[in-house]
Amino acid sequence: MPSYTAPVKDMQFVLHDVLKVTEQDIPGYDELEADFTSAILEEAGKISSEVLQPLNVVGDKEGCVLENGVVRTPTGFKEAFEQMKEGGWTALDCDPEYGGQGMPYIMGTAVGEMMVSANMAFNMYQGLTHGAYSAIHAHGTDAQKATYLPKMVSCEWTGTMNLTEPHCGTDLGLMRTKAAPQDDGSYKITGQKIFISAGEHDMADNIIHLVLAKIEGGPEGIKGVSLFIVPKFLVNDDNSVGARNGVSVGSIEEKMGIHGNSTCVMNYDEATGYLLGTEHKGMRAMFTMMNEARMGVGLQGYAQAAVAYENAVIYANDRLQGRAVTGAENPDGPADPLIVHPDIRRNLMDQKSFVEGARAFTFWGAHLIDRHVRGGDEAADGLISLLTPVIKGFQTDKGFEYAVAAQQVYGGHGYIEEWGMSQFARDARIAMIYEGANGVQALDLVGRKLAQDGGKHVMAFFDLVKSFIKDNGGNEEFDKAFLEPLKAASKDLQAAGMYFMQNGMKNPNHALAGSYDFMHMFGHVCLGLMWAKMGKAAMDALEGGASDTAFYETKIATGKYYMARQLPATGMHLARIESGADTVMALDAANF
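Residue numbers (this note's numbering): 112 to 703.
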């Protein structure tokens with residue numbers, strides 16, 4: 112059986128040594144003293160390891176069951192959800208006006224990583240609710256906020272997002288779900304949605320669905336899409352739960368992973384809905400939820416790799432296989448532990464350097480969101496908008512890759528369900544697909560985000576890297592191990608962008624054929640920047656006389672590994688990009 116221990120010390124390092132949160136000019140960050148954040152993270156780690164993690168395999172084996180129109184969640188889920196609500200964990204970074212604790216988004220991110228690592232399927236129930244809360248908070252009327260948000264913050268009511276239909280996924284302009292205006296200002300929603308995570312379950316008194324639909328007579332395509340609040344049960348004037356609405360579950364999808372989450376086919380039969388935001392501007396409102404969800408999915412990618420890595424390290428230290436090529440390291444035993452072998456070390460270092468780099472990248476992204484939302488910094492908003500497809504696409508691709516790599520450490524035992532490693536790989540796999548498949552993330556990055564606002568956000572990123580290199584040079588060891596590789600990788604990324612500018616206009620396929628490589632190249636540069644920041648913070652701590660020298664020395668060694676063994680991948684991606692689209696588009700469709 113796998114185990115989970117929250118990486119509190121590593122999170123504290125990112126928050127306080129790297130990001131220096133209490134020194135940031137962001138409202139609320141001055142309260143994030145190390146003792147305060149440690150207390151929160153320790154408690155979150157405790158509930159994650161003691162309550163949520165033991166239910167992970169239960170959810171995987173039992174799944175959800177549809178009985179007479181009601182979904183029954185796996186054994187123990189309902190009781191655990193009550194503990195989550197009672198502890199206030201669902202309200203951590205929500206608006207105090209509606210019962211939230213008002214903490215910065217970065218704290219919700221740190222706690223969220225723990226809960227995703229412990230039980231990804233379970234955490235999705237509250238994660239989707241948080242996204243729906245955010246959409247209503249940003250676009251709802253005062254009356255809508257007063258009606259729905261207090262009980263969504265507490266998770267007495269949960270939330271969903273309904274986009275996909277059987278015939279349309281990414282191309283939402285093709286949707287057929289209709290919204291018919293009523294005399295009282297409401298709408299009748301009719302249609303079918305599929306792949307709806309947490310669409311129906313037995314853990315909340317009501318479920319608030321956010322549904323994309325087209326108002327009759329509106330514009331064609333995506334310009335005619337509006338967003339509606341469609342509760343499972345109608346809400347009475349006193350905010351109590353009323354009559355059942357015209358929404359039902361057709362079936363539960365049978366999936367490769369995340370079995371503990373009820374992924375539903377939802378049928379809307381003249382269900383009463385209420386417009387959220389402006390008519391025909393549904394995508395603008397939904398993107399509030401989708402962008403948050405994409406950040407959350409990027410977190411899921413590395414969080415699954417993190418727990419898989421943690422268990423692989425335990426196994427590599429315990430499992431005796433063969434002898435070290437340089438001589439026995441366990442002479443009293445029949446063999447040496449797996450971890451003595453260089454290829455196992457390579458595998459584990461790949462995992463470790465990715466997980467810790469991705470954690471820092473995601474926390475930095477959360478800090479940018481706080482800088483915008485709490486501090487009104489538009490430049491931070493532009494930067495996180497640019498980086499969101501990188502966080503989502505790169506981290507979920509690599510997260511799955513390294514969950515599989517952790518499984519590989521176990522050899523044949525990794526393929527046997529008894530050891531639990533296959534669940535991490537199966538659960539991680541969905542993160543590459545939902546909230547916009549990763550190919551779409553790459554197209555969004557290259558096709559939209561690079562040129563956004565005249566390209567000023569990507570230029571700001573390059574300036575940020577350049578400034579870091581300039582401001583932190585002068586230490587020979589640091590320059591050679593961290594700054595020189597970062598500078599080279601950043602130049603590769605800039606060269607790729609230049610290639611797109613010079614060739615993409617005359618033949619857009621040259622840009623789009625290289626978009627996936629560009630997304631990965633960008634991800635590597637971002638993790639390279641994070642490792643340079645972490646390497647500098649660790650060296651500064653050692654120079655300052657830090658007592659835990661082993662921790663900081665380990666950070667430096669891990670960072671050096673990433674810079675030497677992973678960051679050079681930017682050269683490969685650049686070569687692919689500069690080969691253009693001709694080889695990609697050479698075959699006729701009939702020849703595949």
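No residue lacks a Cβ here, since even glycine has one placed at the ideal position from N, Cα and C.
Around the C-beta of residue i, are 16 or more other C-beta atoms found within 10 angstroms, so that it is buried, or is it exposed?
i           : result
residue 208 : exposed
residue 273 : buried
residue 540 : buried
residue 467 : buried
residue 100 : No answer is possible for residue 100: it lies beyond the span of the chain, which begins at 112 and ends at 703.
residue 693 : exposed
residue 278 : exposed
residue 377 : buried
residue 237 : buried
residue 436 : exposed
residue 179 : exposed
residue 658 : exposed
What are the boundary residues of the alpha helix (DSSP H) that residue i is part of?
i           : result
residue 244 : 216-250
residue 324 : Here residue 324 belongs to no alpha helix (DSSP H); instead the beta strand (DSSP E) covers 317-326.
residue 697 : Counting along the chain, residue 697 falls outside any alpha helix (DSSP H), and DSSP gives it neither H nor E.
residue 301 : Taken as a continuous stretch (DSSP letters only), residue 301 belongs to no alpha helix (DSSP H), being part of the beta strand (DSSP E) at 298-308.
residue 291 : Unbroken run through residue 291 is the beta strand (DSSP E), 289-292; no alpha helix (DSSP H).
residue 778 : Since the first residue shown for the chain is 112 and the last is 703, residue 778 is missing from the structure and cannot be characterised.
residue 537 : 532-540
Is any heavy atom of the ligand HEM found at a distance shorter than 8 Å from the C-beta of residue i?
i           : result
residue 268 : In terms of ligand content, the structure shown is empty, and the ligand HEM therefore cannot be addressed.
Are residue i and residue j closer than 9 Å when you measure CB to CB?
i           : j           : result
residue 225 : residue 166 : no
residue 459 : residue 424 : yes
residue 502 : residue 641 : no
residue 336 : residue 286 : yes
residue 372 : residue 170 : yes
residue 115 : residue 229 : yes
residue 250 : residue 338 : yes
residue 288 : residue 310 : no
residue 575 : residue 638 : no
residue 464 : residue 177 : no
residue 409 : residue 493 : no
residue 619 : residue 555 : no
Alpha carbon to alpha carbon, how far is residue i from residue j?
i           : j           : result
residue 175 : residue 557 : 39 Å
residue 141 : residue 133 : 5 Å
residue 353 : residue 384 : 14 Å
residue 121 : residue 399 : 30 Å
residue 673 : residue 125 : 17 Å
residue 545 : residue 456 : 32 Å
residue 681 : residue 663 : 27 Å
residue 629 : residue 584 : 27 Å
residue 604 : residue 573 : 9 Å
residue 202 : residue 160 : 20 Å
residue 305 : residue 522 : 37 Å
residue 123 : residue 490 : 26 Å
residue 442 : residue 665 : 27 Å
residue 551 : residue 462 : 25 Å
residue 182 : residue 404 : 23 Å
residue 307 : residue 699 : 36 Å
residue 684 : residue 329 : 44 Å
residue 691 : residue 280 : 28 Å
residue 617 : residue 606 : 18 Å
residue 676 : residue 592 : 11 Å
residue 428 : residue 421 : 11 Å
residue 612 : residue 478 : 31 Å
Taking the beta strand (DSSP E) that residue i belongs to, which residues open and close that run?
i           : result
residue 141 : From DSSP, residue 141 is part of no beta strand (DSSP E); its letter is neither H nor E.
residue 376 : 374-386
residue 448 : First-last for residue 448: undefined, no H or E at that position.
residue 268 : 268-273
residue 188 : It is not in any beta strand (DSSP E) - residue 188 instead sits in the alpha helix (DSSP H) that spans 188-197.
residue 178 : 176-178
residue 339 : 336-342
residue 183 : 181-183
residue 362 : 358-363
Exercise. Take every Cβ of the segment 499-519, pair it with every Cβ of the segment 341-356, and state whether three or more of those distances are shorter than 8 Å.
Key: no
Quiz item: Any chance the segment 242-251 sits against the segment 282-299, with 3 or more Cβ pairs inside 8 Å?
Solution: no
Quiz item: Can we say the segment 441-453 touches the segment 262-276, given the rule of at least three CB pairs closer than 8 Å?
Solution: no
Exercise. Report yes or no: do three or more beta-carbon pairs, one from the segment 219-233 and one from the segment 271-286, lie closer than 8 Å?
Key: no
Quiz prompt | Three-pair Cβ contact test at 8 Å for the segment 179-196 versus the segment 382-397 | solution = no
Exercise. Mind the definition here: the segment 568-581 touches the segment 546-555 only if three or more C-beta pairs lie below 8 Å; say whether that holds.
Key: no
Quiz item: Quick check: the segment 587-599 against the segment 641-652, are there 3 or more CB pairs under 8 Å?
Solution: yes
Quiz item: Should the segment 389-396 be regarded as contacting the segment 316-329, the criterion being three or more beta carbon pairs within less than 8 Å?
Solution: yes
Quiz item: Any chance the segment 504-512 sits against the segment 563-575, with 3 or more Cβ pairs inside 8 Å?
Solution: no
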